[in-house]
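Numbering of the sequence shown is given in full-length UniProt numbering, commencing with residue 1 and proceeding in unit increments.
Cβ coordinates follow ideal geometry from the N, Cα and C atoms, glycine included.
Data first, discussion second: the structure below is written as structure tokens.
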Amino acid sequence: MATMKYTNLGQSGLRVSRICVGCMSYGDRRGRYKWCIEEAEAIPLLQTCYESGLNFFDTANGYSNGVSEEILGKAIKKGNWPRHNIVIATKVWAPVGLRKGDVYEDPLTVSPDERERNGYINAFGLSRKHILDSVDASLKRLDLDYIDLLQIHRFDPRTPIKETMEALHDVVKSGKVRYIGASTMYAHQLLEMQYTARLHGWTEFISMQNLHNAVYREEEREMVPSLAKFGMGMIPWSPVHMGFLVRPHDQFGDTERGGSMAGAFLGNPITETDKKINEQI
């Protein structure tokens, strides 16, 4: 691990590799992501990452309905990775689809009201109940005793911020979680949550995982200065714009994932400006 550079995450004492391994691409093709890499191929890739000095692995309960967490947990056990050397990050908020025969339900694609009608009451969001239930379920899938970094995957407007922050504080104090972080929200939402924790003496976020790359730089307007003010580290997700920035733009649709996006990024068409940035890189 000597060749990899490590840094503190935000103003915490947690040391992480400069490169974080995103595990959204590892899962089960019977779920939402038909382009994902399944267990047999994923575990050797994760082992290579670990042997290269990467100690920071990011997954989520909602990635392939929890299968991503299961694969990461198996890689840790198979590779006999020392627990003190690795930082395992996962997320809470999303519903985990139930398996029905050879396929998984995909409750993320429907409205919250429809999710509840389909049997996912209290199975998503940032309520105290779901946070505590989700942490236990993630630990079981990961086959670990604790989570290093628990991140809220999205902001939940239906749950009081005070309830969410107290529940996050409690899972830290329980020993099941070491640190907490946030992901994908407006700066004012993040700061209100952080201030609520500070006001009550609860555990504060040490990091924010947000969309940021050479094509999408909106976060530099308000989020990045806010993180600096509160001493939070930034973990950019999709740093290569889902593969758009690592190959000529006219080849973007050649991969399974690129082809599934139909020439768009999160529903937004690739622009001429995006193509010029691609050409410069």
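Can you say whether Pro-157 is buried or exposed, counting buried as having 16 or more other CB atoms within 10 angstroms of its CB? Taking the sequence shown and counting its residues from 1, the one referred to as residue 157 is at position 157. So Pro-157 counts as exposed.
Which residues does DSSP pair with Ile-37 in a beta bridge? Start at 1 with the first residue of the sequence shown, and residue 37 comes out as number 37. Its beta-bridge partners are Tyr-26.
Where does the unbroken alpha helix (DSSP H) through Pro-225 begin, and where does it stop? Counting from 1 along the sequence shown, the entry for residue 225 is found at position 225. In the DSSP annotation of this structure, the continuous segment of the alpha helix (DSSP H) that includes Pro-225 starts and ends at 223-230.
Cβ-heavy atom distance, Gln-189 to the ligand ADP, below 7 Å: The ligand ADP is not part of this structure, which contains no ligands at all.
Using a threshold of 8 Å, state whether the C-beta atoms of Ser-183 and Ile-161 are closer than that. As a position in the sequence shown, residue 183 is number 183, starting the count at 1. As a position in the sequence shown, residue 161 is number 161, starting the count at 1. No, the pair does not count as a contact, with Cβ atoms beyond the cut-off.
On the DSSP bridge list, what partners appear for Asn-118? Position 118 of the sequence shown, counted from the first residue, corresponds to residue 118. None, per the DSSP bridge assignment.
CA-CA distance, Lys-77 and Val-87? As a working mapping, residue 77 is identified with position 77 in the sequence shown. As a working mapping, residue 87 is identified with position 87 in the sequence shown. Near 14 Å, if we compare the C-alpha coordinates of Val-87 and Lys-77.
Are the Cβ atoms of Asn-55 and Asn-85 separated by less than 8 Å? Taking the sequence shown and counting its residues from 1, the one referred to as residue 55 is at position 55. Taking the sequence shown and counting its residues from 1, the one referred to as residue 85 is at position 85. Contact: yes.
Is the beta carbon of Thr-203 closer than 8 Å to that of Leu-168? In the sequence shown, counting from the first residue as 1, residue 168 sits at position 168. In the sequence shown, counting from the first residue as 1, residue 203 sits at position 203. Yes, the pair counts as a contact, with Cβ atoms nearer than the cut-off.
Smallest Cα separation from Leu-199: which of Cys-20, Glu-166, Arg-217, Pro-225? One-based indexing of the sequence shown puts residue 199 at position 199. Checking every option, the nearest Cα to that of Leu-199 belongs to Glu-166.
Give the list of continuous alpha helix (DSSP H) stretches no shorter than 4 residues that lie fully inside the segment 73-158. Segments of the alpha helix (DSSP H) lying fully in the segment 73-158: 112-117, 128-142.
Near Val-172, which residues of its chain fall below 6 Å by C-beta distance, leaving aside the five closest residues on each side in sequence? On the sequence shown, residue 172 is found 172 positions in, with the first residue counted as 1. These residues qualify, in order along the chain: Thr-203.
Comparing alpha-carbon positions, which option in Leu-132, Gly-27, Ser-238 lies nearest Glu-163? Position 163 of the sequence shown, counted from the start, is the residue given in the question as residue 163. Minimum Cα distance to Glu-163 is reached at Leu-132.
How many angstroms separate the CA atom of Gln-189 from the CA atom of Gly-181? One-based indexing of the sequence shown puts residue 189 at position 189. One-based indexing of the sequence shown puts residue 181 at position 181. Those two C-alpha atoms are separated by around 13 Å.
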